[in-house]
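Working notes, beginning with the structure itself.
Number of protein chains: 2
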Amino acid sequence: MQGERNSGFDVLYHNMKHGQISTKELAEFVRERAAIEENYSKSMSKLSKMASGSSQLGTFAPMWDIFRISSDKLALCHLELARKLNDLIRDISKYGDEQVKVHRKTKEEVTGTLEVVQMMQVASGQLHKAKECYYNRCLEQERLRKEAAAQKDVEKADNKARKAAESFSSSVEKFNRVGEEFERKMNESAQKFQNIEECHLRQMKVLIKSYSHSIENTHVQIGQVHEEFKQNVENTGTDTLVRRFAEQKGTGRERPGTDMEHIIFQSNMGVSHNGCIMELGVLEKVGILNLKG
Amino acid sequence: MQGERNSGFDVLYHNMKHGQISTKELAEFVRERAAIEENYSKSMSKLSKMASGSSQLGTFAPMWDIFRISSDKLALCHLELARKLNDLIRDISKYGDEQVKVHRKTKEEVTGTLEVVQMMQVASGQLHKAKECYYNRCLEQERLRKEAAAQKDVEKADNKARKAAESFSSSVEKFNRVGEEFERKMNESAQKFQNIEECHLRQMKVLIKSYSHSIENTHVQIGQVHEEFKQNVENTGTDTLVRRFAEQKGTGRERPGTDMEHIIFQSNMGVSHNGCIMELGVLEKVGILNLKG
Numbered sequence: 016m017q018g019e020r021n022s023g024f025d026v027l028y029h030n031m032k033h034g035q036i037s038t039k040e041l042a043e044f045v046r047e048r049a050a051i052e053e054n055y056s057k058s059m060s061k062l063s064k065m066a067s068g069s070s071q072l073g074t075f076a077p078m079w080d081i082f083r084i085s086s087d088k089l090a091l092c093h094l095e096l097a098r099k100l101n102d103l104i105r106d107i108s109k110y111g112d113e114q115v116k117v118h119r120k121t122k123e124e125v126t127g128t129l130e131v132v133q134m135m136q137v138a139s140g141q142l143h144k145a146k147e148c149y150y151n152r153c154l155e156q157e158r159l160r161k162e163a164a165a166q167k168d169v170e171k172a173d174n175k176a177r178k179a180a181e182s183f184s185s186s187v188e189k190f191n192r193v194g195e196e197f198e199r200k201m202n203e204s205a206q207k208f209q210n211i212e213e214c215h216l217r218q219m220k221v222l223i224k225s226y227s228h229s230i231e232n233t234h235v236q237i238g239q240v241h242e243e244f245k246q247n248v249e250n251t252g253t254d255t256l257v258r259r260f261a262e263q264k265g266t267g268r269e270r271p272g273t274d275m276e277h278i279i280f281q282s283n284m285g286v287s288h289n290g291c292i293m294e295l296g297v298l299e300k301v302g303i304l305n306l307k308g
Numbered sequence: 016m017q018g019e020r021n022s023g024f025d026v027l028y029h030n031m032k033h034g035q036i037s038t039k040e041l042a043e044f045v046r047e048r049a050a051i052e053e054n055y056s057k058s059m060s061k062l063s064k065m066a067s068g069s070s071q072l073g074t075f076a077p078m079w080d081i082f083r084i085s086s087d088k089l090a091l092c093h094l095e096l097a098r099k100l101n102d103l104i105r106d107i108s109k110y111g112d113e114q115v116k117v118h119r120k121t122k123e124e125v126t127g128t129l130e131v132v133q134m135m136q137v138a139s140g141q142l143h144k145a146k147e148c149y150y151n152r153c154l155e156q157e158r159l160r161k162e163a164a165a166q167k168d169v170e171k172a173d174n175k176a177r178k179a180a181e182s183f184s185s186s187v188e189k190f191n192r193v194g195e196e197f198e199r200k201m202n203e204s205a206q207k208f209q210n211i212e213e214c215h216l217r218q219m220k221v222l223i224k225s226y227s228h229s230i231e232n233t234h235v236q237i238g239q240v241h242e243e244f245k246q247n248v249e250n251t252g253t254d255t256l257v258r259r260f261a262e263q264k265g266t267g268r269e270r271p272g273t274d275m276e277h278i279i280f281q282s283n284m285g286v287s288h289n290g291c292i293m294e295l296g297v298l299e300k301v302g303i304l305n306l307k308g
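Keeping their order, the protein sequence lines are chains A and B.
All residue numbers for the first sequence refer to the working numbering, where the first residue is 16 and numbers rise by one.
All residue numbers for the second sequence refer to the working numbering, where the first residue is 16 and numbers rise by one.
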């Protein structure tokens with residue numbers, strides 16, 4: 016309930032305890048993120064295997080190397096991020112341990128404040144009671160006077176009212192005295208709680224910045240992998256692929272017919288089937304029509 | 016085997032067929048990547064739920080909103096990428112269908128070339144046989160001459176050698192004739208195959224560029240999400256968190272004691288426990304010590 020005398024202390028004390036929860040939750044969050052990244056990395060390795068398992072035949076085949084390399088690098092980037100996040104979890108846990116120690120020490124230090132809070136509750140209760148009593152006595156006093164009651168009864172009422180006033184006065188005094196102590200101690204504890212809270216938030220922000228920094232670094236690396244992929248695709252021209260294929264699959268390197276000239280010794284028998292398979296100057300290299308047996 | 020007469024045509028024909036495989040494999044690769052991105056997106060949504068399920072108590076609580084929002088946005092980025100990649104798979108499949116049609120048409124167009132390749136095989140075999148025969152007849156002719164054999168035998172051998180020379184000559188003539196046809200047809204088919212191959216590679220590169228473009232776009236978006244996260248963390252100062260907490264959890268907004276002044280009507284009883292909980296000017300707002308019941 017708001018405004019209850021001891022709620023301020025309770026709120027601050029429990030908030031300190033919530034600090035431990037937030038540290039644990041941050042660790043859990045980062046652990047989950049690390050697991051996600053590790054999983055993504057594994058998927059990328061699988062994708063890389065898919066690329067390297069692709070057909071090695073045909074002109075397109077060399078492109079799969081570009082996919083494979085890129086996927087492997089992406090897998091590495093995300094694995095590296097998972098590794099960094101796991102390091103961060105260790106830092107968070109370490110901080111969590113320190114936090115528990117600080118809270119334990121603080122709990123001892125604020126025991127006096129808790130006591131004075133309870134004293135304040137008592138003093139406040141007494142004060143309210145005394146006030147009520149004094150108020151009722153005054154009403155009684157007034158009623159008797161108005162009713163012109165017997166002098167004896169009026170004096171009795173006056174006496175009771177005076178005593179109630181004295182009790183009220185001493186309750187106020189006690190309340191003020193306890194109040195001063197309460198104020199001093201609460202001031203001290205509140206300052207302590209506030210310092211702990213500020214330290215906690217600062218530390219949490221340091222940890223979050225480390226998280227953010229790791230993710231940012233990985234993001235830059237991933238960007239480089241994409242750029243590399245794009246460049247590699249760009250650099251692997253259609254002509255290059257056709258040439259590579261011709262070099263690999265070509266059935267001979269010499270112009271068809273040249274060898275036949277050794278075999279066929281009748282002059283007019285020269286066979287010259289000019290290699291005509293591929294354009295782009297690869298004609299002679301390909302030699303698909305070579306007649307060498 | 017290299018240099019076999021028909022291998023050039025076979026290599027080119029089969030390479031065309033491999034083009035269909037590479038299209039299918041690209042679709043499978045992109046499908047796998049889309050699945051990975053979708054999965055990552057789901058994991059990020061889970062992470063977002065983890066953030067929103069974190070403790071709402073304590074000064075750190077509002078930070079979880081930053082984590083939640085960031086995770087949600089990352090989930091969206093990756094889901095959007097998965098969606099784009101699924102669109103791309105449709106484009107690849109559509110191209111694959113067109114490719115099958117082109118290959119079917121080409122297969123019909125190159126039937127003539129396949130026939131002439133077979134004719135070349137036959138002609139070449141005949142040519143080699145005729146050459147061997149002519150060579151052996153010449154040796155026999157020479158042997159008989161050296162041994163000064165009977166004129167009848169020599170004439171017989173001369174006769175055989177002449178016939179073998181004629182047969183050889185006509186084989187060469189046939190080989191040349193078929194060779195010319197072969198050259199013409201192969202030239203035509205090779206050009207066809209090369210065009211198909213170049214078109215295929217160009218089309219594959221267009222599809223890969225679309226893949227690369229989608230990934231790049233997502234990468235930029237993810238970078239913005241990270242930047243936003245960093246800014247949000249930066250902008251949420253320790254003091255803001257403490258103030259927010261005080262506003263939310265404060266047990267009152269007025270300086271403790273003010274209300275007591277109404278209750279306690281004896282002049283010197285004013286209670287003034289100055290709210291001392293939080294520094295940073297939040298003192299009065301917090302009012303944790305407020306005595307209002």
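Just so it is clear, CB atoms sit at the ideal spot from N, CA and C, and this is done for glycine as well.
Am I right that residue i and residue j are in contact with their C-beta atoms under 8 Å? What's the rounded C-beta distance?
| i | j | result |
| --- | --- | --- |
| Lys-189(B) | Val-131(B) | Not quite, the Cβ-Cβ distance comes to about 13 Å (not below 8 Å), so this is no contact. |
| Tyr-55(B) | Tyr-55(A) | 5 Å |
| Lys-39(B) | Val-248(A) | Rounded, the Cβ-Cβ distance is 19 Å, inconsistent with contact. |
| Met-59(B) | Leu-89(B) | 5 Å |
| Thr-251(B) | Ile-81(B) | 7 Å |
| Leu-72(B) | Leu-222(B) | That belief does not hold up - the Cβ atoms of Leu-72(B) and Leu-222(B) are roughly 52 Å apart, past 8 Å. |
| Gln-133(B) | Gly-34(B) | Actually they do not touch by this definition, with Cβ atoms about 25 Å apart. |
| Val-117(A) | Ile-211(A) | 6 Å |
| Arg-259(B) | Pro-77(B) | 6 Å |
| Glu-157(B) | Thr-253(A) | Not a contact, Cβ separation roughly 57 Å. |
Count the other CB atoms, across all protein chains shown, that sit within 10 Å of the CB of residue i; report buried if there are 16 or more and exposed otherwise.
| i | result |
| --- | --- |
| Leu-154(B) | exposed |
| Thr-233(A) | buried |
| Val-286(A) | Any reading at Val-286(A) must be qualified, since the residue scores a pLDDT of 26, below 50, and its modelled position is unreliable; no value is offered. |
| Glu-276(B) | Here the model assigns Glu-276(B) a pLDDT of 35, short of 50, so the residue's position is not dependable, and the following value carries that caveat. Exposed is the call here. |
| Ala-163(B) | exposed |
| Gln-263(B) | exposed |
| Ser-186(A) | buried |
| Thr-255(B) | exposed |
| Asn-30(B) | buried |
| Ser-86(A) | buried |
| Arg-119(A) | exposed |
| Gly-23(A) | buried |
| Arg-48(B) | buried |
| Ala-179(B) | buried |
| Gly-194(B) | buried |
| Lys-146(A) | buried |
| Ser-37(B) | buried |
| Gln-239(A) | exposed |
| Ala-165(A) | exposed |
| Ser-139(B) | buried |
| Asn-283(B) | Because Asn-283(B) carries a pLDDT of 26, less than 50, the predicted location of this residue cannot be relied on, and no value is offered for it. |
What span of residues does the alpha helix (DSSP H) with residue i cover, start to end?
| i | result |
| --- | --- |
| Ser-185(A) | 166-250 |
| Gln-136(A) | 126-161 |
| Ala-261(A) | 253-264 |
Thinking C-beta only, is residue j closer than 7 Å to residue i?
| i | j | result |
| --- | --- | --- |
| Thr-74(A) | Leu-27(B) | no |
| Ser-204(A) | Val-125(A) | yes |
| His-93(B) | Glu-43(B) | no |
| Arg-358(B) | Lys-175(B) | With chain B covering only 16 through 308, there is no way to say anything about residue 358(B). |
| Phe-8(B) | Tyr-149(B) | Because chain B here runs from 16 to 308, residue 8(B) falls outside it and cannot be looked at. |
| Val-45(A) | Leu-96(A) | no |
| Arg-63(A) | Trp-79(A) | According to the sequence provided, residue 63(A) is Ser. The question's Arg does not apply to it. In this structure, Trp-79(A) does not lie closer than 7 Å to Ser-63(A) by Cβ. |
| Ser-225(A) | Leu-103(A) | yes |
| Glu-231(B) | His-241(A) | yes |
| Lys-207(A) | Ser-227(B) | no |
Does the distance between the C-beta of residue i and the nearest non-hydrogen atom of the ligand NAP fall short of 6 Å?
| i | result |
| --- | --- |
| Lys-39(B) | The ligand NAP is absent from the structure shown, which contains no ligand whatsoever. |
Mind checking the region 212-245 of chain A against chain D and listing, in chain order, the residues whose C-beta falls within less than 8 Å of any C-beta there? Protein chains in the displayed structure are A and B, and chain D is not among them.
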